[in-house]
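Here is the structure we will look at, set down as structure tokens.
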Amino acid sequence: MITNKEIARIFDEIADILEVKEGDKFKIRAYRKAARTIESLTQDLSDFSSVTELKKLPSIGDALAKKIHEIITSGKLEYYEELRTSVPEGVLELLSIPNVGPKTVSKLYNECNVTDIESLELAAKNHRLQHLFGMGRKTEERILKGIEQYRRHKERIPLGKAYFQAKNIVKSLENLDAVERIAFAGSIRRMRETIGDIDILVASENPSRVMSAFKALDGITEIIASGDTKSSVIMDDTQVDLRVVRDDSFGSALQYFTGSQLHNIKLRELALKQGLKLNEYGVFKGDQPVAGKREEEVYEALGLPFIPPELREDQGEIEAAIEGELPDLIELNRIKGDLHIHSRWSDGKNSIEEVVDKARSLGYEYVAICDHSPAIGITRGVNEEKLLDEIIEIERINEDLSDFKVLTGIEVDIRSDNTLDLPDKILEKLDIVLAAVHTKFSQSKDAMTRRIISAIKNPHVDIIAHPTGRLIGKRDPYDLDIEAVLDAARDTRTILEINANPRRLDLKDIHARYAKEKGVKVAISTDAHDISQMELMPFGVATARRGWLEPEDVLNTRSLDELMRNLK
DNA sequence: GCCGTTTTCGGCCCGACTGTTTTCAGTCG
32 MITNKEIARI FDEIADILEV KEGDKFKIRA YRKAARTIES LTQDLSDFSS VTELKKLPSI
92 GDALAKKIHE IITSGKLEYY EELRTSVPEG VLELLSIPNV GPKTVSKLYN ECNVTDIESL
152 ELAAKNHRLQ HLFGMGRKTE ERILKGIEQY RRHKERIPLG KAYFQAKNIV KSLENLDAVE
212 RIAFAGSIRR MRETIGDIDI LVASENPSRV MSAFKALDGI TEIIASGDTK SSVIMDDTQV
272 DLRVVRDDSF GSALQYFTGS QLHNIKLREL ALKQGLKLNE YGVFKGDQPV AGKREEEVYE
332 ALGLPFIPPE LREDQGEIEA AIEGELPDLI ELNRIKGDLH IHSRWSDGKN SIEEVVDKAR
392 SLGYEYVAIC DHSPAIGITR GVNEEKLLDE IIEIERINED LSDFKVLTGI EVDIRSDNTL
452 DLPDKILEKL DIVLAAVHTK FSQSKDAMTR RIISAIKNPH VDIIAHPTGR LIGKRDPYDL
512 DIEAVLDAAR DTRTILEINA NPRRLDLKDI HARYAKEKGV KVAISTDAHD ISQMELMPFG
572 VATARRGWLE PEDVLNTRSL DELMRNLK
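Residue numbering for the first sequence follows my numbering, beginning at 32 and increasing consecutively.
Take a look at the structure:
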């Protein structure tokens, strides 16, 4: 069965081929837009029974609906098969090289017999490119640099890493006299799970001062571009873009630089319809600015409420804003406790007392200590006997606490034979039971779905932890029928975790949104193995926000009493 | 190829930076 991801890839590849063949750019955009739509669907395209159903999807019209239908019914697409014979595969890969776009690729292929990255590198090194029309020595060098950059990092950077790097850059520039305001923008501000580069925005009357301070920062290994108001550098293997505008334009520049690109395009189209123009300098009526200083004003000038950055993915947020139906998103300060923490009783680094101190410093009212069960030897899980001791210890700790409660819990392993690693008679003694898969990730979709649903159906299991098991950039999620899992969770009032660790973010944003649609509640938990990791909660909250979740959708916004009533 | 409370045909976002082609095309975000 063909997956959505594969269909999206086919459409992207068609767009690539059309681009190299210098086809109609709007048609190319249509294929790319459709690919984005398909990628963000939670439902399998192969479950769509008719062309009419497919056409209801945004950016899918008659022609593309028929093509999708052809793919899901026959397994292939005639148009694509024919198209791909016209351009070698290696040629398309050239498009991923920075500074190399479709026009260049087309020229290289047609006039210089370049068919892949290796032959391009050779041609550039032998100076066979600089004599082509429109190319010169510097272009040749730029291409070689691009190849090097492409080989160095193809992968997007995990949010967890980029976020702190961006914060550090802001910190090292914010005290300059020339800097009036500074913020990071781009996909980090939208809190996407991975990011391509770091975008920093500064308001200043003296851009050149800011630029030179920026370019002198520690860790910069290369300056890619350097203009009056915009510079790009490579810093610690990551591209960092800095843009400077006047304070009057800071709001609109922040809006522009935050993206996403699709969100911005739709917003500018909306502006045009109202006889306005939107760019990074402001909202304009004719050449008269009507907004720009603050980001809120930009949306207001277009007749919209403020749209939080996490929603700006062109996933219906602009339509919802027009209708006045934006969600009232959950915020970090609504979180009343962390429901997935490991202590020294299994593989955690800290004592339960240390966890409590940390939780109180974060303003929480409760935590749940959920150590591992024995199945996974490496984590020194707690067996029945040890767990009973741990319960006693927690009771003792609770006696000394006022206005705070430690919940007894476990992260019980769901074994590959669908049974749990500890018997019900001990699970029932606990305040809260998390269940999770830690082994045999490669089971079939059916088997894995049955495995998780069997845990969901256990009367003591309250929460499924990291439900899809992915490690971002390292391990794919296991094959799972997410819809069936959500249905089972709803029917049994089982909660699904959003694991806040930026390596996981699991459930991910679109699954969180799907959970809400299905009426399934989530818990946002850090899975901390060290009390410092309890500070990772904002990443989980951001993922929930990207999933359009509101405080009532999240279990651990509840007071302790309410929380207990919501557990099985 | 999509889409429509101005449109079923004629639109489809916007500007910075670079290099090269002495006025602009290509790439990027």
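Each residue gets a CB set at the ideal place from its N, CA and C atoms; glycine is no exception.
Q: Using the Cα positions of Ala390 and Thr557, report the straight-line distance between them to the nearest angstrom.
A: 12 angstroms
Worksheet item: Nearest to Leu72 by CA position, among Lys308, Glu186 and Leu85, is which residue?
Response: Leu85
(Q) Looking only at its chain, what residues have a beta carbon closer than 8 angstroms to the beta carbon of Leu307, apart from the 5 residues adjacent to it on each side? (A) Val314, Phe315, Lys316, Val321, Ala332 and Leu333
**Message:** For Glu4, tell me which candidate among Asn206, Glu415 and Ile148 has the shortest Cα-Cα distance.
**Reply:** No statement about residue 4 is possible, as the shown extent of the chain runs from 32 to 599 and does not include it.
Checklist entry - By DSSP, does Glu581 sit in helix, in strand, or in coil? => result coil
If you run the structure through DSSP and keep just helix, strand and coil, what is Ile383?
helix
ask   = Can you list, in chain order, the residues of its chain whose CB lies under 6 angstroms from that of Arg577, leaving out five sequence neighbours each side?
value = Glu341 and Asp540
Going straight from the alpha carbon of Tyr509 to that of Ser80, what length do you get?
26 angstroms
Cα-Cα separation between Val210 and Lys246, rounded to whole angstroms: 15 angstroms
Is the beta carbon of Tyr330 sitting closer than 8 angstroms to the one on Pro339? no
Coarse secondary structure for Phe315, derived from DSSP in three states
strand
**Request:** Could you pull out every residue in the same chain whose Cβ sits closer than 7 angstroms to the Cβ of Glu384, ignoring the five residues on either side in sequence?
**Result:** Ile428
request  = Name, in chain order, the residues that DSSP records as bridge partners for Ser263.
outcome  = Ala256 and Asp272
Please list the terminal residues of the continuous alpha helix (DSSP H) segment that includes Ser485. Lys476 to Lys488
On the DSSP bridge assignment, give the partners of Pro320 in chain order.
Phe315
>> For Ala197 and Leu527, what's the separation of their Cα atoms in angstroms?
In response: 31 angstroms
Can you tell me whether DSSP reads Phe215 as helix, strand or coil?
strand
Are at least three pairs of beta-carbons, each pair with one atom in the region 426-444 and one in the region 501-521, less than 8 angstroms apart? no
message = Whether or not the region 237-254 and the region 221-228 are in contact is what I'm after, with contact meaning three or more pairs of Cβ atoms, one per stretch, closer than 8 angstroms; do they touch?
response = no
Alpha-carbon to alpha-carbon, Glu326 and Phe215: 13 angstroms
Residue burial classification, Glu50 (beta-carbon count within 10 angstroms, cutoff 16) = buried
TODO: Flag this pair as yes or no: are the beta carbons of Ile400 and Gly440 separated by less than 8 angstroms?
DONE: yes
To the nearest angstrom, how far is the alpha carbon of Ser203 from that of Gln270?
17 angstroms
**Q.** C-beta atoms of His560 and His373 nearer than 8 angstroms
**A.** yes
Q: Below 8 angstroms on the Cβ atoms is my guess for Val241 versus Val275; work out the distance and round it to an integer in Å.
A: 5 angstroms
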